[in-house]
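Here the structure is laid out as structure tokens; the discussion comes afterwards.
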Amino acid sequence: FELMALVNPVFTKYSEETGSDWEGCLSLPGLRGWVPRAKEVVVEAYDRMGERLIIETGGFLAIALQHEIDHLDGIVFIDRMTDFATLSYQEEFETYWMKNDVIEA
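Numbered as in my numbering, the sequence shown ends at 106 without a single skipped number.
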């Protein structure tokens, strides 16, 4: 997806269906965790020119938007984790978790 700037983004819809995946963050270098997120979202915001945007998306972009917009509220991915047994340093993640394609959540 293209580089985007969102001014005052607000989620107007989260899908009831959720999924979990590994996340990391530059705010917490070297850490990874299994994070549940809505599979689809709708975000309303303004672009750099002040034009109103409505973004309806799923997949990686939905996850990325949730992750990044959380930062505006002071939330990092560990605040969204439901099982801290998966919180790992990168080296532990590569050794113990990367081999597992699916985690029972």
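Note that CB positions come from ideal geometry on N, CA and C, so glycine has one too. Computed from a predicted model, the values in this text were never measured in an experiment.
Next on the checklist: Using CA atoms only, rank isn't needed, just tell me which of Asp84, Ile55, Met99 is closest to Pro37.
Outcome noted: Asp84
Item to check | Selected residue, minimal CA-CA separation from Ala46, among Thr96, Phe2, Ala6 | outcome: Closest by alpha carbon: Ala6.
Next on the checklist: Going by DSSP in three states, Glu17 sits in which element: helix, strand or coil?
Outcome noted: coil
Checklist entry - Can you give the Cα-Cα distance for Glu93 and Arg53, rounded to whole angstroms? => result 43 Å
Checklist entry - Can you give, in chain order, each stretch of the beta strand (DSSP E) that sits fully within the region 30-89 and has at least 3 residues? => result 41-47, 53-59
Checklist entry - Can you give the Cα-Cα distance for Met50 and Thr19, rounded to whole angstroms? => result 33 Å
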